[in-house]
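A.B. asks: Heads up: the protein sequence lines correspond to chains S and E, in order. Note that my numbering numbers the first sequence so that position 157 is 915, with each residue one more than the last. Note that my numbering numbers the second sequence so that position 4 is 14, with each residue one more than the last. For glycine and all other residues, C-beta sits at the position ideal for the given N, C-alpha and C. There's a structure below that I have some questions on.
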Amino acid sequence: MIDRKVMVFGAAFVLRLLLICLFPSLPDLLTGRVEVSTPVNSFKRLQEGLFLYSGNVSPYDGGTFHQAPLLLPLFALLPDAKTWPLPTAIFYILVDLVNAQALVTISESGQSINSRFHSAVRKHVRWNGVSVAAWFLFNPFTIATCLARSTSVFTASGILFAVSNAVSGNSVNAMLALGFASYLSMYPALMFLPLVLVCYDRRTQSPQAPKIAPFILQHAGLLLASVAGLLGLSFLITGNFWEFISATYGFHLLVPDLTPNVGLWWYFFIEMFDSFREFFLGVFWLHLASYVGGLTARFRRQPLFVITSLLGVFAIFKPYPSISDASLFFALLPLYRHLFPLMRYTFFAVSAMLYSSLLGPAFYHLWIYAGSGNANFFYAITLVWSLGLSILLADTIFAALRDEWEQDNPGKQGTEVRQV
Amino acid sequence: MTVLSILSLPFVAVLLTLWSSLTLASDYHENLLLQPLPQSSLLASFNFRSNTSQQSFDQQHFRYLPRALGRWDAESWGPRPWNGSKEGGTGVELWAWIDAPGDDEAFAKWITLTQSLSGLFCASLNFVDSTRTTRPVVSFEPTGDHSVANQLHLLHGTLPGEVVCTENLTPFLKLLPCKGKAGISTLFDGHKLFDAAWQSMSVDIQPVCSSDGECVIQIEQTVDMVLDIDRSKRSRSNPIPRPVPNDQLICDTSKPYHADDTCYPLEKMNDKAWSLAEIFGRSLTGVCPLADSDSASDQSVCLRVPHERGVFTSEEAQEIKKEDGITRCFKLTPSTSFDLSIPQQPVTTEIPLDEPVLHAERTIVGHGQERGGMRIIFGNPSNIRPVDFIYFESLPWFLRPYIHTLRATITGTDGVPREIPASDIIKETYYRPAIDRERGTQLELALSVPAASTVTLTYDFEKAILRYTEYPPDANRGFNVAPAVIRILDKAHNSPIYIRSTSLLLQLPTPDFSMPYNVIILTSTVIALAFGTVFNILVRRVVSVNEAEALGAQSLKGKLVGKLVALRDRFRGKDTKVE
């Protein structure tokens, strides 16, 4: 068992290293792809920020750098990625492996099939931790994100560590990790409620169960404290609090940079009438946040599933999504291998996603380089991509509900169902 | 002096009152220098300078350069007129030292200044907003005498795409005391002026103080142009260029392919014949009576050709030959017209043209509308001395440079390019990054190029995609990027030498402008589809099919269907069956 894990991790490491050594221009090529690098996670922008930071110019007094300040001293420790690309690449590969290890922990805790209120009917249909990690490590989207050195992987680490600590019962560590992820990208803070429920359900299995309301408040305080601590550290680094707040979180909220990406926001706000821009910004953010309440309330029995589906929602409806967000969603999906037989539109969703991942780069080329297509070509592909992902998401949610129903009605396994 | 509003309306008033009082205390000079250049070109350099003591002008100095057009061909025309100090980049360039207590006050005054100058010169200077304004640190130095030098703020703005035409010439002439009715300004004809191969107009205003503390305001207006003699001589009634008839072609007969129908044109052996009336389309009328009558201003028209060349002038004009062997000036008589003509003659002695101190070239490299690179080439023609200079560029915010990608390559006499660390060439860097929709990038580099070598600087940039309302109507033409300004720090010259690169055209990615409604509808549909599906699944109960049918019967729809079935059955005469 251990040997298989070592093999998978070793193979993932060697595969990435081989790709970098055989195609030395591949990392820079992927860094430039809009599908991989967005204004909030691009490695090139990070390097520019780093250059300004080391030159004693405030990197936030400009329109290029919008990432968290703590990344700057971290990357200042690494050798220059232009002259010495290997240390940075190995660092990113290690982060990927660490993320995979967190996935193994989550999978082996068995929380996805067997939690406080829920016990899946098809328990035998599951993959073990190493298979889930392999699914993550050999996903081309994950490999592309790793090679492109996108800083989304740190947010992914924060989220995965928060979840893995929550399912192992370390609720304090879980909140600290979620605080780190929220500090980096802001949106993971929306996952607080399901995460704290995972922690609570885990805690009730021990003898003295705390009350739920104080437990949530206590952990909210913990999350706020961790974010505040990181912000305080950032203030020490940058020296100008509001400047970096508006350049990072303000940038996430107001979406001023409309560089194309795989999401739905950029073209919508390019074409939006000026007087309605603020209104629709509010609507889009409300829409994104609305899933938290609905999913958490309906899936009170499976808070880990809420986290998984929220990651899917973020991969579709974030202001600056990239394929790294989709890869995180795909990483947690195999935890619900037992739901796959209940899904109805898998073929349609998977073919829509394959179709858009193959045609997306081609249509982008036609628009930007060949000039034989216009912006609508790439826009249409982002629509298909979002549609495919949302069909997959809705289908997973349906399968999870059906699974709960089968648990409640043990005799009716495998019968036709309908929703009323 | 803190109020800059004198530069708006009072500015005009000052100028109007100024000239009426000039007859009393005349302090006005005008001068025209004509110099034939290689390739049958002619440089005409007009200069008008006047002083006035006007207290309200005290602490101001601004320079307004309506435009330069075309490209100064330094390789064949030599150094620029006035060492480039009275020249703007392509389009309009404006810079001013503004006396203000703080940055914000200075900017407010700057906006007042641009708005009023916009009205005064019929130019779109009011489009110089915060995104087009920079505050250069080392590229410009105030000229003139200032008492409170620590309060001055330098602001600099460019409009590289501004097209300047005859409507800008009229206000320019209105500022002159003789308003184009007498003196050398009578030669200004909009058709010829804006038809030049290269042309630059400028207005400088600066305070000049004498040793006894009395300050005057000096206004200097210059017009420089390089005219193509052939093109200017073409008659206005028949302006279409026609090929030279075969029998008038001078061919190089030594070429192996020379035949009756193939010709390799020889370099012109003769200087072209031209006259003022032919070139400018009108002749010079008298002298401006308001001009100073000292000896310098008297000789208001000067010509730089070798003394042995024959020059025919009107009889009244008095010719004065200078000692340098190539300059002669003419003393004109009032209210008689003056013409000057040069016959065609073989070239005997060339007028020596100085070698420019530095060659500079800036281009955008790369393809596609996503990203590109900037390449700046500096050539030092001197074999002995290195050349130190300041390189200044202001970039629009939608061009996002990555300064960490700045690379330097040096090519020595051996012609082999070698990459060197940029810090070997760049002594100092002043960099202010752009903020989207707020300000542009400002980059100032202090560079040193070694003798007899060429340095190439490159950096990458990314092109932002804008909101569809931010594109101009001709979005696919591209966006103008302002020329770079180079200030050469040469100890040999008293005043700094300025060189400007050409402006650049930047292609940005464009959305489809025709379908905002479609995009809003389609995106909203996808979002509504996802939201609707997910919440539809979430709010409904899961039941088996049998239960669903039973439930369906109890619902309103089920009852209705039941009633309908019962009704149908009754009509058919069957027994009613109510579920």
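#1: Assess contact between the segment 320-329 of chain E and the segment 341-361 of chain E, defined as three or more Cβ pairs (one per stretch) separated by less than 8 Å. Is contact present?
#2: Give me the subset of the segment 476-509 of chain E whose CB atoms are less than 8 Å from a CB atom of chain S, sorted by chain position.
#3: Quick one: Cα of residue 1090(S) to Cα of residue 1102(S), how far?
#4: Determine the burial state of residue 1168(S): buried for a count of at least 16 other Cβ atoms within 10 Å of its Cβ, exposed for fewer.
#5: Just tell me which of 488(E), 489(E), 506(E) and 490(E) has its CA closest to the CA of residue 592(E).
#6: Where do the ends of the beta strand (DSSP E) carrying residue 454(E) lie?
#7: With a Cβ-Cβ cutoff of 9 Å, do residue 1080(S) and residue 1019(S) count as a contact?
#8: Could you pull out every residue in the same chain whose Cβ sits closer than 6 Å to the Cβ of residue 2(E), ignoring the five residues on either side in sequence?
#9: When DSSP labels each residue in this structure, what does residue 148(E) get in the three-state scheme?
#10: Can you name the start and end residues of the beta strand (DSSP E) that residue 471(E) belongs to?
#11: Taking only beta-carbon positions, decide if residue 410(E) is within less than 9 Å of chain A.
#12: Please go through the same chain and pick out, in chain order, the residues whose beta-carbon is closer than 6 Å to the beta-carbon of residue 383(E), but skip the five residues on each side of it.
#13: Check the Cβ of residue 554(E) against every Cβ in chain S and list those closer than 8 Å, keeping chain order.
#14: Could you check whether residue 407(E) and residue 449(E) sit closer than 9 Å to each other, using their CB atoms as the reference points?
#15: What does a CB cutoff of less than 6 Å around residue 282(E) pick up in its chain, not counting 5 residues either side in sequence?
#16: Quick one: residues in its chain with C-beta nearer than 6 Å to the C-beta of residue 827(S), no 5 flanking neighbours on either side, listed in chain order?
#17: For a minimum of 3 consecutive residues, which ranges assigned as the beta strand (DSSP E) are wholly contained in the segment 83-145 of chain E?
#18: In this structure, how does DSSP classify residue 393(E) when only helix, strand and coil are distinguished?
#19: Please decide whether residue 1048(S) counts as near chain E, where near means a Cβ-Cβ distance under 9 Å.
#20: Under a CB-based cut-off of 9 Å, is residue 309(E) close to chain S?
#21: Would you list the residues sitting across from residue 604(E) in a DSSP beta bridge?
#22: Looking at C-alpha atoms only, which residue of 54(E), 48(E), 38(E) and 42(E) is the closest neighbour of residue 62(E)?
#23: Between which residues of its own chain and residue 798(S) is the CB-CB distance below 6 Å, once the five residues before and five after are set aside?
#24: Sorted by chain position, which residues of the same chain lie with C-beta nearer than 7 Å to residue 1124(S)'s C-beta, five sequence neighbours on each side aside?
#25: Within the same chain, show all residues whose beta-carbon is closer than 6 Å to that of residue 53(E), passing over the 5 residues directly before and after it, in chain order.
#26: Count the C-beta pairs between the segment 1029-1040 of chain S and the segment 927-944 of chain S that are closer than 8 Å, then say yes if the count reaches three, no if not.
#27: Counting only beta-carbon atoms, is residue 764(S) nearer than 9 Å to chain E?
#28: Nearest CA to the CA of residue 534(E): which residue from 1113(S), 1127(S) and 1041(S)?
#29: Using a threshold of 9 Å, state whether the C-beta atoms of residue 1065(S) and residue 956(S) are closer than that.
#30: Determine, using beta carbons only, whether residue 48(E) comes closer than 9 Å to chain S.
#31: Report the rounded CA-to-CA distance for residue 32(E) versus residue 197(E), giving the unit in angstroms.
#32: By the DSSP assignment, the beta strand (DSSP E) with residue 177(E) in it spans what residues?
#33: Can you grab the Cα-Cα spacing for the pair residue 216(E) / residue 113(E), in whole Å?
#34: What does the alpha-carbon distance come out to for the pair residue 422(E) and residue 389(E)?
#35: On the three-state DSSP scale, how would you describe residue 30(E)?
#36: By a C-beta neighbour count over all protein chains shown, 10 Å radius and 16 as the cutoff for buried, is residue 818(S) buried or exposed?
C.D. replies: Well, looking at it:
#1: Yes, they touch.
#2: Result list: 476, 477, 478 and 479.
#3: Distance from the CA atom of residue 1090(S) to the CA atom of residue 1102(S), rounded to whole angstroms, is 19 Å.
#4: Under a 10 Å Cβ-count criterion, residue 1168(S) is classified as exposed, with fewer than 16 other Cβ atoms of the shown protein chains found around its own Cβ.
#5: Limits of chain E in this structure are 11 at one end and 589 at the other, which puts residue 592(E) out of reach.
#6: Run containing residue 454(E): 451-459, per the beta strand (DSSP E) assignment.
#7: Contact flag set, yes.
#8: This structure cannot settle anything about residue 2(E), because the visible part of chain E is limited to 11 through 589.
#9: DSSP places residue 148(E) in coil when its eight states are reduced to three.
#10: Start and end: 464-473.
#11: Looking at the structure shown, chain A is missing, and the protein chains on hand are S and E.
#12: These residues qualify, in order along the chain: 375, 376, 468 and 470.
#13: In chain order, 1167, 1170, 1173, 1174, 1175 and 1176 make up the part of chain S whose C-beta sits under 8 Å from the C-beta of residue 554(E).
#14: For residue 449(E) and residue 407(E), yes; Cβs fall inside 9 Å.
#15: The beta carbon of residue 282(E) is closer than 6 Å to those of 50 and 239 in its chain, skipping five residues each way along the sequence.
#16: 992, 995, 996 and 1002, listed in sequence order.
#17: The qualifying runs are 101-109.
#18: Judged by DSSP in its simplified three-state form, residue 393(E) adopts coil rather than helix or strand.
#19: Yes, its Cβ sits closer than 9 Å to a Cβ of chain E.
#20: False, the Cβ-Cβ gap to chain S never drops below 9 Å.
#21: There is no way to answer for residue 604(E), as the model of chain E reaches only from 11 to 589.
#22: The residue with the shortest Cα to Cα distance from residue 62(E) is 38(E).
#23: By the criterion of a C-beta distance shorter than 6 Å, residue 798(S) is surrounded in its chain by 824 and 1078, once the five residues flanking it on both sides are discounted.
#24: Within its own chain, the residues whose Cβ lies closer than 7 Å to the Cβ of residue 1124(S), once the five positions on either side in sequence are excluded, are 1130, 1131 and 1135, listed in chain order.
#25: Here the set comprises 45, 47 and 236.
#26: Put simply, the segment 1029-1040 of chain S does not touch the segment 927-944 of chain S. Fewer than three CB pairs are less than 8 Å apart.
#27: So, not an interface residue.
#28: The option with the nearest alpha carbon to residue 534(E) is 1041(S).
#29: Annotated as proximal: residue 1065(S) and residue 956(S), with beta-carbon spacing under 9 Å.
#30: No, no contact with chain S.
#31: For residue 32(E), the predicted model reports a pLDDT of 34, less than 50, meaning its position is unreliable and no value from the coordinates is stated.
#32: Run containing residue 177(E): none in the beta strand (DSSP E); it sits in the alpha helix (DSSP H), 176-184.
#33: Going by the C-alpha atoms only, they are around 21 Å apart.
#34: Between residue 422(E) and residue 389(E), the C-alpha separation is close to 10 Å.
#35: Because residue 30(E) carries a pLDDT of 31, less than 50, the predicted location of this residue cannot be relied on, and the following value inherits that uncertainty. Three-state DSSP puts residue 30(E) in a helix.
#36: By the neighbour-count criterion, in which 16 or more other beta carbons inside 10 Å mark a residue as buried, residue 818(S) falls on the buried side.
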